[in-house]
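Asks: Take this structure, written in C-alpha cells, and hold onto it; I'll ask about it next.
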DNA sequence: ATGACATGATCCC
DNA sequence: TGGGATCCCTGTCA
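Okay, structure coming up:
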C-alpha cells in the first residue's frame with residue numbers, strides 16, 4: 001500500500017483525557033469500518049502514568065497520547081486525504097468534490113468519467129409569449145439551420161510571460177490590434193490605490209484606451225500609449241460599502257429575469273455573436289447555459305458539472321465563450337481538480353461544447369502545475385491567453401494544423417506540452433507513475449524533471 | 001524541505 | 001441574524 005513508506009511524514013498528535021467511551025486505548029480493531037482498509041496503518045499509543053496523590057479518592061483518568069495518522073479533512077483515523085504522488089485521494093466521508101453528491105468520491109464520480117453525463121437537458125419551454133414570437137421571427141431566422149462547426153487545432157505552442165507580481169485576475173484582447181493583450185492582477189495600482197482589478201475592457205471608440213473596474217467600486221480609464229490612468233467613477237467615496245448599483249437607475253421591480261443558482265455566481269456572459277444565450281459560472285461547480293434570453297429562464301437549458309470550486313487564494317473561475325464559434329456553443333474554463341498525467345498533477349484548461357456537454361479539448365503544460373482560473377480566447381486568431389497564478393500563458397495554434405481541420409473530434413483532444421520532449425499530443429496513462437510514487441511532493445518533483453527552455457512566441 | 005501566510009464564502013452557534 | 005470559526009486538489013517566499 002502506498003502509505004507504508006511514509007514514516008517520515010508528520011504525524012498528528014492527539015491528546016485525549018476523557019471518558020472511556022471516547023478513549024481509543026482499548027480499541028482492538030473496533031475503530032471504524034474504514035480502518036480495515038488500512039491494516040498496515042501505524043498506530044502508536046502511549047499511556048502516561050499518572051501518580052495518584054495519597055488521600056485522593058478518585059484516580060484521575062489516564063492521559064492518553066495517541067500518535068496516529070488522521071485524515072486532514074475529517075480528522076478521523078483509518079484513511080487519509082491528500083495527494084498520493086500526483087493522484088489526489090478524497091476523504092470518503094465527504095461528498096464528491098466534483099459534483100457535491102455524497103456516496104462516492106471524485107475518483108469515481110460519473111461526471112469525471114464522462115463529462116457529458118453532467119448535462120441536464122432543457123425543460124419544456126413556454127413559446128407562447130410575444131417576446132418569443134419576436135425572437136422566432138427576427139432573431140432566430142438569422143441563425144443557421146445546421147450548426148456550424150467550431151475548429152479545434154491539432155497542435156498548440158505555449159509561451160510563458162512572468163510579468164505580474166500578484167495573481168492574474170482578468171484578461172482582455174484588443175478588439176482590433178491582434179497582438180495586444182490587456183491583463184490585470186490582484187493588486188494593480190490604479191492612481192494611488194492598490195485595488196483588485198475585477199474586469200477590463202478596451203474602449204470601442206478609442207482603442208488606445210482601456211477601462212478597468214475594480215472591487216473597491218472604482219472605474220478608471222488608462223491611456224495605453226502613456227500609461228496614465230484617470231479615475232472616472234468612484235461608487236464608494238467614503239470607503240467600503242456591501243452595495244449593488246443599477247447603472248440604469250431602475251428599481252428592483254423592473255428586473256427582467258432572475259436566474260436561479262445554487263451558490264454564488266462568478267460570471268455571466270451574453271453569447272458574443274447574437275447575445276441570445278447566457279453563460280454563467282457558479283460556485284456550485286456547475287456551468288449553466290440559458291439558450292434564449294427571451295424564453296423561459298426559470299431553468300437553464302444546460303447544466304454541466306465542472307470542477308471550478310471557490311478557493312479564497314484563487315481568482316474565481318469564469319467560463320468564457322469562444323468568440324470565433326459561429327454556433328455559440330464552445331466555451332473555455334480552467335479546471336480545479338487535477339489529473340495524473342504521467343506522474344504529474346496538472347490542472348487542464350477545458351474546452352466544452354455546451355450544446356452536448358462534451359469535453360472537446362483539454363490544454364495543459366507540464367511546466368505549469370498551477371491552476372488557470374482566467375482564460376480568454378482571441379476574437380480572431382486561434383490564440384488562448386490564460387492567467388495561472390502570476391504567470392501569463394499564451395497558447396497559439398499552429399496555423400497549418402487548424403486550417404486543414406474541418407470536423408471536431410469525438411474524443412477530447414489533449415494538448416500536453418512537455419519541454420523535455422518538445423511536444424506531445426498523446427494521452428498519458430493516468431495510472432502510471434502515480435501509485436509507484438509515494439512522495440507527498442511527487443507532483444512537484446516530477447514537474448521539475450520536465451523543465452527546459454520556453455518557446456518564444458511572436459504573435 | 002518546511003512553515004507561514006494571504007484572505008473570502010460558508011457554516012454554525 | 002450576525003459574527004467568529006472554519007476551510008478538500010493554492011502558490012510563493014523565507
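In full-length UniProt numbering, the protein residues as written are 1 to 459. For every residue, glycine included, the Cβ atom is placed at its ideal position computed from N, Cα and C.
Report the CB separation of residue 326 from residue 273 in whole angstroms; it is logged as a contact under 8 Å.
Replies: Here residue 326 refers to the residue found at position 326 of the first chain. Here residue 273 refers to the residue found at position 273 of the first chain. That belief holds up - the Cβ atoms of residue 326 and residue 273 are roughly 7 Å apart, short of 8 Å.
Asks: Excluding the 5 residues flanking residue 98 on each side, which residues of the same chain have their C-beta closer than 6 Å to its C-beta?
Replies: As a first step, residue 98 is located in the first chain; it is residue number 98 there, counting from the start. Answer for residue 98: 106, 109, 111, 112 and 307, listed in chain order.
Asks: Can you tell me where the beta strand (DSSP E) holding residue 340 begins and where it ends?
Replies: Residue 340 sits at position 340 when you count from the first residue of the first chain. Segment 339-341, the beta strand (DSSP E) holding residue 340.
Asks: Identify the residues that DSSP records as bridge partners of residue 96: which are they?
Replies: Here residue 96 refers to the residue found at position 96 of the first chain. Paired residue(s): none; residue 96 is not in a bridge.
Asks: For residue 88, does the three-state DSSP call read helix, strand or coil?
Replies: One-based indexing of the first chain puts residue 88 at position 88. Strand at residue 88.
Asks: So, helix, strand or coil for residue 224, using DSSP?
Replies: What you label residue 224 is simply residue 224 of the first chain in a count that begins at 1. Here residue 224 sits in coil by DSSP.
Asks: Does residue 69 come out as helix, strand or coil in the three-state DSSP assignment?
Replies: In the first chain, residue 69 corresponds to position 69, counting from 1. Coil at residue 69, not helix or strand.
Asks: In chain order, what residues of the same chain lie with their CB nearer than 7 Å to the CB of residue 371, ignoring the 5 residues before and after it?
Replies: Looking up residue 371 in the first chain gives position 371. Answer for residue 371: 314, 334, 336, 347 and 388, listed in chain order.
Asks: Between 71, 344, 166 and 87, which lies nearest to residue 80 when the distance is taken from Cα to Cα?
Replies: On the first chain, position 80 is the one that residue 80 refers to. Distances from the CA of residue 80 to each of 71, 344, 166 and 87 were compared; the closest alpha carbon is that of 71.
Asks: Counting along the chain, where does the beta strand (DSSP E) carrying residue 476 start and finish?
Replies: The chain is shown only over 1 to 459; residue 476 falls outside these bounds and no answer can be derived.
Asks: Count the other CB atoms within 10 Å of the CB of residue 133; is the residue buried (16 or more) or exposed (fewer)?
Replies: Translated into the one-based positions of the first chain, residue 133 becomes position 133. So residue 133 counts as exposed.
Asks: Using the Cα positions of residue 95 and residue 104, report the straight-line distance between them to the nearest angstrom.
Replies: Start at 1 with the first residue of the first chain, and residue 95 comes out as number 95. Start at 1 with the first residue of the first chain, and residue 104 comes out as number 104. Their backbone Cα atoms lie some 7 Å apart in a straight line.
Asks: For residue 316 versus residue 373, is the C-beta distance shorter than 8 Å?
Replies: On the first chain, position 316 is the one that residue 316 refers to. On the first chain, position 373 is the one that residue 373 refers to. For residue 316 and residue 373, yes; Cβs fall inside 8 Å.
Asks: Quick one: Cα of residue 74 to Cα of residue 286, how far?
Replies: Within the first chain, the letter at position 74 stands for residue 74. Within the first chain, the letter at position 286 stands for residue 286. Residue 74 and residue 286: Cα-Cα distance of roughly 25 Å.
Asks: Please name the residue or residues paired with residue 210 in a DSSP beta bridge.
Replies: Taking the first residue of the first chain as position 1, residue 210 is located at position 210. According to DSSP, residue 210 bridges with 202 and 222.
Asks: Within its chain, find whatever has a CB closer than 8 Å to the CB of residue 119; leave out the 5 residues flanking it on each side and keep chain order.
Replies: As a first step, residue 119 is located in the first chain; it is residue number 119 there, counting from the start. Contacts found: 302, 303, 304, 356 and 357.
Asks: By DSSP, does residue 112 sit in helix, in strand, or in coil?
Replies: Looking up residue 112 in the first chain gives position 112. Reduced to three states, the DSSP call for residue 112 is helix.
Asks: Taking the continuous beta strand (DSSP E) assigned at residue 291, which residues delimit it?
Replies: Here residue 291 corresponds to residue number 291 of the first chain, with the count starting at 1. Judged by DSSP secondary structure, residue 291 falls outside any beta strand (DSSP E); it is assigned neither H nor E.
Asks: Is residue 133 helix, strand or coil by DSSP?
Replies: By 1-based counting over the first chain, the position of residue 133 is 133. Three-state DSSP puts residue 133 in a helix.
Asks: Looking only at its own chain, which residues have a Cβ that is under 8 Å from the Cβ of residue 257, when we skip the five neighbours before and after it?
Replies: Here residue 257 refers to the residue found at position 257 of the first chain. Hits under 8 Å: 293 and 297.
Asks: Which residues in the same chain have their Cβ closer than 6 Å to the Cβ of residue 329, if we skip the five residues on either side of it in sequence?
Replies: The residue labelled residue 329 in the question sits at position 329 within the first chain. Excluding positions up to five away in sequence, the list reads 353, 354 and 355.
Asks: What does DSSP give as the partner residue(s) for residue 265 in the beta ladder?
Replies: Within the first chain, the letter at position 265 stands for residue 265. By DSSP's assignment, residue 265 forms a beta bridge with 282.
Asks: Quick check: the Cα distance between residue 159 and residue 398, rounded to an integer number of angstroms?
Replies: Sequence index remark: in the first chain, residue 159 carries index 159 (1-based). Sequence index remark: in the first chain, residue 398 carries index 398 (1-based). The alpha-carbon atoms of residue 159 and residue 398 are separated by roughly 13 Å.
Asks: From which residue to which residue does the beta strand (DSSP E) around residue 333 run?
Replies: Start at 1 with the first residue of the first chain, and residue 333 comes out as number 333. 330-334 is the span of the beta strand (DSSP E), which, as asked, contains residue 333.
Asks: Which two residues bound the contiguous beta strand (DSSP E) that contains residue 355?
Replies: Against the first chain, residue 355 aligns to sequence position 355. No beta strand (DSSP E) contains residue 355, which DSSP labels as neither H nor E.
Asks: Assign residue 311 to one of three DSSP states: helix, strand, or coil.
Replies: The residue you call residue 311 lines up with position 311 of the first chain. Here residue 311 carries a coil assignment [DSSP, helix/strand/coil].
Asks: Quick one: grab the DSSP three-state call for residue 391.
Replies: By 1-based counting over the first chain, the position of residue 391 is 391. DSSP places residue 391 in strand when its eight states are reduced to three.
Asks: I'd like to check one pair, residue 281 with residue 267: are the Cβ atoms closer than 8 Å?
Replies: Here residue 267 refers to the residue found at position 267 of the first chain. Here residue 281 refers to the residue found at position 281 of the first chain. Yes, they are a contact pair.
Asks: Under three-state DSSP, which class holds residue 176?
Replies: If you number the first chain from 1, residue 176 lands on position 176. Residue 176 falls in the coil class under three-state DSSP.
Asks: Span of the beta strand (DSSP E) holding residue 302?
Replies: Counting from one through the first chain, the residue named residue 302 turns up at place 302. It spans 302-305 - the beta strand (DSSP E) in which residue 302 sits, taken as one unbroken run.
Asks: Can you tell which of 182, 300 and 382 has the C-alpha that lies nearest to the C-alpha of residue 262?
Replies: Within the first chain, numbered from 1, the residue matching residue 262 stands at position 262. Per the C-alpha coordinates, the member of 182, 300 and 382 positioned closest to residue 262 is 300.
Asks: Using only CA atoms, which one of 92, 209 and 176 lies nearest to residue 228?
Replies: Taking the first chain and counting its residues from 1, the one referred to as residue 228 is at position 228. Of the listed residues, the one whose Cα sits closest to residue 228 is 209.
Asks: List the residues that DSSP assigns as beta-bridge partners of residue 162.
Replies: As a working note, residue 162 is residue 162 in the first chain. Per DSSP, 391.
Asks: Under a Cβ-count criterion, where at least 16 other Cβ atoms within 10 Å of its own Cβ denotes burial, should residue 152 be classed as buried or exposed?
Replies: Residue numbering aside, residue 152 sits at position 152 when the first chain is read from its first letter. It counts as buried.
Asks: Throw me the rounded Cβ distance for the residue 220 and residue 212 pair, which I believe falls under 8 Å.
Replies: Looking up residue 220 in the first chain gives position 220. Looking up residue 212 in the first chain gives position 212. Beta-carbon to beta-carbon, residue 220 and residue 212 are separated by about 5 Å, close enough to satisfy the 8 Å threshold.
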